[in-house]
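In the numbering used here, the protein residues as written are 550 to 842.
Every residue gets a Cβ at the ideal spot worked out from N, C-alpha and C, and that includes glycine.
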């Protein structure tokens, strides 16, 4: 059975288009580095790739949340350490004031020093920020948390919790309430000053020193909680970093081409395409000779 010239031309044209399409796909694989460029290339792989991209985006958001939580907690811990130092200094001064050998003038000098530290307490409370957000204001993070009215420290924040989602199953409260923590420290120190200034050594020894110790104990518990949360955040960060690496590697396995293999494939398909073009050219010449003959 003889094949007509038109049939040969048609078959060859089909071969040219088919080989060009394969050559073009190989080119795109080398250029983009991607094995899957449309769902039809690998429906299952494309679906899995979409899922992995979504999980990677979620992981990136969690990592940002973790960074925020870690920084917030670190800043809080620094402020708590400063408060702790002031409390310890106050207690040491109060013990000096409570001794029988201390005279009235010496006690007044001690009271003056503690009053200066009261100002530092307020400064720590109002100047401890994360960016432009006040650490001790609850959810009213744009409002300075403390205001001194007479001998009292008034709390201007609220009692809301700043909650941050750290992973699909973990939501953490990252803030410490300014009241009663900072206000409690301030009031205990202010009462000690009052006892010293009025030369009420009995109440200073019986109540004032105990109030300071209670605040130190409370501060120690609070710092332990903050430290525990910092450790938890760092553990979750490590876990998410590993998860991010695993997902990225799996996604690369699904979507990316092997560079050496892709280049070899491109060369083979280029040869096939060029061979088809050369065959078409020869057929064209033969057809012309047949016509002339």
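Please state whether DSSP places residue 777 in a helix, a strand or coil.
Within the chain shown, the letter at position 228 stands for residue 777. Helix, per DSSP.
Mind checking whether residue 785 and residue 738 have CB atoms under 8 angstroms apart?
As a first step, residue 785 is located in the chain shown; it is residue number 236 there, counting from the start. As a first step, residue 738 is located in the chain shown; it is residue number 189 there, counting from the start. In this structure, residue 738 does not lie closer than 8 angstroms to residue 785 by Cβ.
Start and end of the beta strand (DSSP E) containing residue 704?
Translated into positions along the chain shown, residue 704 becomes position 155. Per DSSP, residue 704 belongs to the beta strand (DSSP E) from 701-704.
Looking only at its own chain, which residues have a Cβ that is under 6 angstroms from the Cβ of residue 675, when we skip the five neighbours before and after it?
Taking the first residue of the chain shown as position 1, residue 675 is located at position 126. Excluding positions up to five away in sequence, the list reads 693 and 695.
Taking buried to mean at least 16 other C-beta atoms within 10 Å of its own C-beta, is residue 732 buried or exposed?
By 1-based counting over the chain shown, the position of residue 732 is 183. So residue 732 ends up on the buried side.
Identity of the residue in 685, 659, 762 and 782 nearest residue 711 by Cα:
Position 162 of the chain shown, counted from the start, is the residue given in the question as residue 711. Checked all of 685, 659, 762 and 782; the closest Cα to residue 711 is 685.
Might you give, ordered along the chain, the residues of its own chain that have their beta carbon closer than 7 angstroms to the beta carbon of residue 792, omitting 5 neighbours on each side?
In the chain shown, the residue the question calls residue 792 occupies position 243. Excluding sequence neighbours, residue 792 sits near 608.
Touching or not, the region 653-673 and the region 634-642, by the rule of three or more beta carbon pairs under 8 angstroms?
yes
What residues are listed by DSSP as bridge partners for residue 712?
Looking up residue 712 in the chain shown gives position 163. Its beta-bridge partners are 722.
Return the bridge partner residues of residue 679 from the DSSP annotation.
Indexing the chain shown from 1 puts residue 679 at position 130. Per DSSP, 682.
Mapping DSSP to helix, strand and coil, what is residue 842?
Translated into the one-based positions of the chain shown, residue 842 becomes position 293. Summary for residue 842: the model assigns pLDDT 44, below 50, so the residue's position carries little reliability, and this model does not support an answer.
To the nearest angstrom, how far is it from the Cα of residue 716 to the Cα of residue 611?
Within the chain shown, the letter at position 167 stands for residue 716. Within the chain shown, the letter at position 62 stands for residue 611. Approximately 6 angstroms, taken between the alpha carbons.
Is the Cβ-Cβ distance between residue 748 and residue 653 less than 8 angstroms?
Locating residue 748 in the chain shown gives position 199, counting from the first residue. Locating residue 653 in the chain shown gives position 104, counting from the first residue. Yes, the Cβ-Cβ distance between residue 748 and residue 653 is below 8 angstroms.
What are the partner residues of residue 741, as DSSP defines its beta bridges?
To locate residue 741, count along the chain shown from 1; it is residue 192. Paired residue(s): none; residue 741 is not in a bridge.
Alpha carbon to alpha carbon, what distance is there between residue 744 and residue 757?
As a working mapping, residue 757 is identified with position 208 in the chain shown. As a working mapping, residue 744 is identified with position 195 in the chain shown. Distance between the alpha carbons of residue 757 and residue 744 is about 8 angstroms.
Is it the case that the Cβ atoms of residue 771 and residue 800 are separated by a distance below 8 angstroms?
Locating residue 771 in the chain shown gives position 222, counting from the first residue. Locating residue 800 in the chain shown gives position 251, counting from the first residue. Going by C-beta atoms, residue 771 is not nearer than 8 angstroms to residue 800.
Might you give, ordered along the chain, the residues of its own chain that have their beta carbon closer than 8 angstroms to the beta carbon of residue 768, omitting 5 neighbours on each side?
The residue you call residue 768 lines up with position 219 of the chain shown. Hits under 8 angstroms: 629, 632, 633, 636, 730 and 734.
Measuring alpha carbon to alpha carbon, tell me which residue in 707, 600, 640 and 661 is nearest residue 890.
With the chain covering only 550 through 842, there is no way to say anything about residue 890.
Taking just the CA atoms, how far does residue 591 sit from residue 790?
In the chain shown, the residue the question calls residue 790 occupies position 241. In the chain shown, the residue the question calls residue 591 occupies position 42. In a straight line, the C-alpha of residue 790 is about 28 angstroms away from that of residue 591.
Rounded separation between residue 651 and residue 755 - CA only:
Within the chain shown, residue 651 is the residue found at index 102, counting from 1. Within the chain shown, residue 755 is the residue found at index 206, counting from 1. Taking the straight line from one Cα to the other gives about 17 angstroms.
Is the beta carbon of residue 742 less than 8 angstroms from the beta carbon of residue 682?
Counted from its first residue, the chain shown places residue 742 at position 193. Counted from its first residue, the chain shown places residue 682 at position 133. No. Outside cutoff.
Within its chain, find whatever has a CB closer than 7 angstroms to the CB of residue 562; leave out the 5 residues flanking it on each side and keep chain order.
Counting from 1 along the chain shown, the entry for residue 562 is found at position 13. Excluding sequence neighbours, residue 562 sits near nothing in its chain.
Integer Cβ distance of residue 802 from residue 605, believed to fall under 8 angstroms:
Here residue 802 refers to the residue found at position 253 of the chain shown. Here residue 605 refers to the residue found at position 56 of the chain shown. Contact doesn't hold; Cβ gap of about 14 angstroms is too wide.
Are there 16 or more other CB atoms within 10 angstroms of the CB of residue 718, so buried, or fewer, so exposed?
Counting from one through the chain shown, the residue named residue 718 turns up at place 169. Residue 718 comes out exposed.
On the DSSP letters alone, give me the boundaries of the alpha helix (DSSP H) that residue 696 sits inside.
Locating residue 696 in the chain shown gives position 147, counting from the first residue. Taken as a continuous stretch (DSSP letters only), residue 696 belongs to no alpha helix (DSSP H), being part of the beta strand (DSSP E) at 695-698.
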